[in-house]
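Worksheet: one structure, shown below.
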Amino acid sequence: MNRMTIRATPAAGAAILPCALDAVSFEAGGKPLIDRVSARLEAGPRTVVLGPNGAGKTTLLRLCHGLLRPSAGAVRWLGPGAGAAARRQAMVFQTPMMLRRSVAANVAYALAVRGLRGAARRMRVARALDRVGLAGAAARPARALSTSERQRLALARAWATEPEVLFLDEPTANLDPAATRAIETAIEAVARAGVKIVMTTHDLGQARRLADEVLFLHQGRLVERGPADAFFAGPRTAEAAAFLEGALTW
Amino acid sequence: MCVYAHIFQKLHIYGNFVQSTHEIALPIVPGAAMNELGEALLRAGAMITALDADLVEIVVLSLRVSLTAVALAAAIGLPVGAALALGRFPGRGIAVVLLNAMMGLPPVVVGLIVYLMLSRSGPFGVFGLLFTPAAMIVAQCLLVIPIIAALTRQVVEDLWEAYAEQLRSLGVGPARAVPTLLWDGRFTLVTAVLAGFGRAIAEVGAVMIVGGNIDHLTRVMTTAIALETSKGDLVLALALGAVLIALSLIVNGAAQVLRETARARAG
Numbered sequence: 010m011n012r013m014t015i016r017a018t019p020a021a022g023a024a025i026l027p028c029a030l031d032a033v034s035f036e037a038g039g040k041p042l043i044d045r046v047s048a049r050l051e052a053g054p055r056t057v058v059l060g061p062n063g064a065g066k067t068t069l070l071r072l073c074h075g076l077l078r079p080s081a082g083a084v085r086w087l088g089p090g091a092g093a094a095a096r097r098q099a100m101v102f103q104t105p106m107m108l109r110r111s112v113a114a115n116v117a118y119a120l121a122v123r124g125l126r127g128a129a130r131r132m133r134v135a136r137a138l139d140r141v142g143l144a145g146a147a148a149r150p151a152r153a154l155s156t157s158e159r160q161r162l163a164l165a166r167a168w169a170t171e172p173e174v175l176f177l178d179e180p181t182a183n184l185d186p187a188a189t190r191a192i193e194t195a196i197e198a199v200a201r202a203g204v205k206i207v208m209t210t211h212d213l214g215q216a217r218r219l220a221d222e223v224l225f226l227h228q229g230r231l232v233e234r235g236p237a238d239a240f241f242a243g244p245r246t247a248e249a250a251a252f253l254e255g256a257l258t259w
Numbered sequence: 033m034c035v036y037a038h039i040f041q042k043l044h045i046y047g048n049f050v051q052s053t054h055e056i057a058l059p060i061v062p063g064a065a066m067n068e069l070g071e072a073l074l075r076a077g078a079m080i081t082a083l084d085a086d087l088v089e090i091v092v093l094s095l096r097v098s099l100t101a102v103a104l105a106a107a108i109g110l111p112v113g114a115a116l117a118l119g120r121f122p123g124r125g126i127a128v129v130l131l132n133a134m135m136g137l138p139p140v141v142v143g144l145i146v147y148l149m150l151s152r153s154g155p156f157g158v159f160g161l162l163f164t165p166a167a168m169i170v171a172q173c174l175l176v177i178p179i180i181a182a183l184t185r186q187v188v189e190d191l192w193e194a195y196a197e198q199l200r201s202l203g204v205g206p207a208r209a210v211p212t213l214l215w216d217g218r219f220t221l222v223t224a225v226l227a228g229f230g231r232a233i234a235e236v237g238a239v240m241i242v243g244g245n246i247d248h249l250t251r252v253m254t255t256a257i258a259l260e261t262s263k264g265d266l267v268l269a270l271a272l273g274a275v276l277i278a279l280s281l282i283v284n285g286a287a288q289v290l291r292e293t294a295r296a297r298a299g
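Protein chains in written order, with the working numbering: chain A, 10 to 259; chain B, 33 to 299.
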């Protein structure tokens, strides 16, 4: 099957988006990692969080996903289905954790947690693996996969749960160009299926390719946000300009 | 079979050699002891190779008691250890310290407590379990639970550190994480169970007190060794000692092979 043409089933249940960040702060050990960030994540545009190392990109994603509790402020899901917000989002980590079982069993586990069993689960597992090109590796031990295969499996596992929002934290860090392209293709397919993408990257090329809107973080503060085209064409803040320039020379 | 005989013959010769060298320096006592040891070793070897009925009966009972005790202890200790690793409740730190300390419980004390529980006047006296293999299983089980639980707690806690974010992201709560982490730690946890088995099969104090070392009924390898040694009959004692060590090697070796093949397949 050509995974470019597959459309995922429309997400079931009422929408949980938009997601509002109300002056969210997070500090660890007295050091503010995220400083009064306010933003709104709307359904639709692919959001890319940019910023130099240590700007708080990963922390912001974790706060949105509910893995961290804000020290101040709040993350609120505003859609009618907000009550089920936790079940309707998924995250792909920079270094995905694979359970010590087969590739297919890793996806099946995520579905079992959501109460899916039997033939329906097997079908979804097969489809998810097919979409990321891992159908042939279904029976292999997940821990034996290469870095890029693991990342694709993590994506398949997240996608299989049919989230409304998918967070991705540096999904292509440490990958070669070919593997990066494979992941990006898969991310585009997920987005086309109607899943809201919120991802971090330090790869500006990737940001240009994938972003519809940009959140630019600097030292834990949201310095600039806006449509990707406008951001890359002419950043409004000195920090963003310096970041783009520095990244270009690098 | 003949290999054993050959080995024991060699040991016998070695014994004689030692004897002759010692005779020069210390003419009487040590030489006699070494000779007796060599003799005993040889006869012990013959006893093992001939599958002596008494020997086999004792070995089989030992395995039955200890394997059952370890199976029960694993069924209890693995989930308890994992729950302690994931649970967050007041007094958890004290519970962990207590559990770790209980790994070193003196078998005779456990034996004594089980004895009091099972004796006619004790709370479980009505079951009439004292001086039966069941009482020995209970005692060994109590000895082994802390070992398995404490080691499991450590293994699962380390795993949880690595898995927590991913599992929480998937919507996995602590109750579901327990079996998940136990399964993912299975290759390491085999070692915890083996440590428990080592403890059970080798301890003498608890089974002696609650089993009573009754011939053909509750006599296991360790109690038999203690008895035969005190009687001065070293042959059966040595034979049992050799079997005990061999069993330990076989069980650990088998577990190692099993673990390596399973790990190769599961990644």
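Ideal Cβ placement from N, Cα and C applies to all residues, glycine included.
Please read all numbers here as calculations on a predicted model, not as lab measurements.
Note the first and the last residue of the continuous alpha helix (DSSP H) segment covering residue i.
i: residue 107 of chain A; result: Here residue 107 of chain A belongs to no alpha helix (DSSP H), and DSSP marks it neither H nor E.
i: residue 187 of chain B; result: 165-201
i: residue 100 of chain B; result: 85-118
i: residue 30 of chain A; result: No alpha helix (DSSP H) holds residue 30 of chain A; the beta strand (DSSP E) holding it covers 28-37.
i: residue 124 of chain B; result: 124-134
i: residue 205 of chain B; result: Careful: residue 205 of chain B lies outside any alpha helix (DSSP H) and carries neither H nor E.
i: residue 143 of chain B; result: 139-150
i: residue 116 of chain A; result: 112-122
Comparing alpha-carbon positions, which option in the options lies nearest residue i?
i: residue 73 of chain A; options: A:117, A:95 and A:53; result: A:95
i: residue 144 of chain A; options: A:114, A:35 and A:126; result: A:114
i: residue 103 of chain B; options: B:176, B:283 and B:295; result: B:176
i: residue 120 of chain A; options: B:161, B:293 and B:201; result: B:201
i: residue 187 of chain B; options: B:239, B:109, B:151 and B:123; result: B:109
i: residue 98 of chain B; options: B:172, B:122 and B:74; result: B:172
i: residue 139 of chain B; options: B:277, B:168, B:180 and B:207; result: B:168
i: residue 163 of chain B; options: B:144, B:179, B:261 and B:178; result: B:144
i: residue 174 of chain B; options: B:216, B:208, B:219 and B:106; result: B:106
i: residue 181 of chain A; options: A:173, A:191, A:97 and A:123; result: A:191
i: residue 184 of chain A; options: A:202, A:156 and A:164; result: A:156
i: residue 219 of chain A; options: A:87, A:154, A:45 and A:236; result: A:236
i: residue 95 of chain B; options: B:270, B:279, B:295 and B:285; result: B:279
i: residue 122 of chain A; options: B:147, B:136 and B:211; result: B:211
i: residue 180 of chain B; options: B:142, B:225, B:155 and B:260; result: B:225
i: residue 65 of chain A; options: A:55, A:40, A:112 and A:86; result: A:40
i: residue 87 of chain B; options: B:276, B:100 and B:154; result: B:276
i: residue 140 of chain A; options: A:187, A:194 and A:148; result: A:194
i: residue 174 of chain A; options: A:240, A:88, A:148 and A:109; result: A:88
i: residue 228 of chain A; options: A:221, A:249 and A:201; result: A:249
i: residue 23 of chain A; options: A:239, A:153 and A:86; result: A:86
i: residue 223 of chain A; options: A:49, A:44, A:26 and A:76; result: A:49
What does DSSP give as the partner residues of residue i in its beta bridges?
i: residue 235 of chain A; result: A:223
i: residue 251 of chain A; result: For residue 251 of chain A, which the question treats as bridged, DSSP gives no partner whatsoever.
i: residue 132 of chain A; result: Residue 132 of chain A pairs with nothing; no bridge assigned.
i: residue 230 of chain A; result: A:227
i: residue 41 of chain A; result: A:36
i: residue 85 of chain A; result: A:29
i: residue 79 of chain B; result: The partner list for residue 79 of chain B (beta bridge, DSSP) is empty, contrary to what the question assumes.
Terminal residues of the continuous beta strand (DSSP E) containing residue i?
i: residue 99 of chain A; result: 98-101
Using a Cβ-Cβ cut-off of 8 Å, state whether residue i counts as contacting chain C.
i: residue 236 of chain A; result: Judged by its chain identifiers, the structure shown contains no chain C, and its protein chains are A and B.
Please indicate yes or no: does the CB of residue i lie closer than 7 Å to some heavy atom of the ligand FAD?
i: residue 183 of chain A; result: No copy of the ligand FAD appears in this structure; indeed no ligand is present at all.
Alpha helix (DSSP H) runs wholly inside the region 210-280 of chain B, at least 4 long, in chain order
218-234, 237-243 and 253-263
What residue ranges within the region 138-206 of chain A form continuous alpha helix (DSSP H) runs of no fewer than 4 residues, ordered along the chain?
156-169 and 186-201
Chain B contacts made by the region 104-116 of chain A, where a contact means CB separation under 9 Å
105, 106, 107, 108, 109, 110 and 111
Which residues, in order along the region 35-47 of chain A, keep a beta-carbon less than 9 Å from a beta-carbon of chain B?
none
May I ask you to list, following chain order, the residues of the region 52-79 of chain A that have a beta carbon less than 7 Å from some beta carbon of chain B?
74 and 76
Proximal residues, the region 120-137 of chain A versus chain B, C-beta separation under 8 Å
122 and 123
Which complete alpha helix (DSSP H) runs does the region 46-81 of chain A hold, if anything under 4 residues is left out?
66-74
Chain-ordered residues of the region 89-103 of chain A with a beta carbon less than 8 Å from chain B
95, 96, 99, 100 and 102
Going along the region 164-197 of chain A in order, which residues come within less than 7 Å of chain B, judged by CB to CB distance?
none
For the region 70-104 of chain B, list every residue whose C-beta sits within 7 Å of some C-beta in chain A, in sequence order.
none
Please list, in chain order, the residues of the region 180-199 of chain B that have any C-beta partner in chain A closer than 7 Å.
194, 195, 197 and 198
Between the region 212-231 of chain B and chain A, which residues of the former have a C-beta closer than 9 Å to a C-beta of the latter?
212, 215, 216, 217, 218 and 219
Contact set between the region 137-155 of chain A and chain B, restricted to residues whose Cβ is under 9 Å from the partner:
149, 150, 151, 152, 153 and 154
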